[in-house]
Amino acid sequence: MAVEFWNRCEIRTSRECVYLHLADPRNQLGLQPLLTEVRLVDGSDESAQVRFLAVEAITISRCLPSLRNTINVELRRGPKPELIEFRAKAKAGVRVTSEFRLESVA
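Sequential numbering from 121 applies to the sequence shown in the working numbering.
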């Protein structure tokens with residue numbers, strides 16, 4: 121089953137600043153509430169493509185330990201600070217593709 125949605129928000133800073141923040145895999149920890157760890161697999165700050173592992177901690181009950189779900193993520197940076205794509209693959213066969221299109225607002 122495929123589900124698609126979109127959202128638009130205005131952030132009062134430069135497009136380049138937002139791009140640099142989103143393009144750094146370590147910042148995913150603050151953007152996604154279930155993530156507890158990010159480990160770089162391949163790529164660098166200058167690479168157009170970076171692969172990393174994101175680890176989620178999912179709590180089902182206070183009586184049970186949290187479940188750890190490791191997700192393989194591929195981050196692709198566009199040639200200009202306008203586009204960032206994420207392709208995530210979880211163990212259970214869940215696939216998520218997300219895209220951030222950054223545009224200046226007058």
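Think of the CB as a built atom: it goes at the ideal place given N, C-alpha and C, for glycine as much as any other residue.
Predicted model, so just to flag it, every value in this text is computed and none were measured.
- Straight across, the Cα-Cα distance linking residue 169 with residue 145 is about 11 angstroms.
- Sequence-distant partners of residue 205 (beyond 5 residues in either direction) whose C-beta falls short of 6 angstroms from its own C-beta, in its chain, are 196 and 219.
- Under the three-state reduction of DSSP, residue 169 is assigned to strand.
- Fewer than three pairs of CB atoms, one per stretch, sit closer than 8 angstroms, so the region 148–166 makes no contact with the region 124–136.
- Beta bridge pairing from DSSP links residue 191 with 174 and 210.
- Following the DSSP letters along the chain, one finds residue 138 inside the alpha helix (DSSP H) bounded by residues 135–142.
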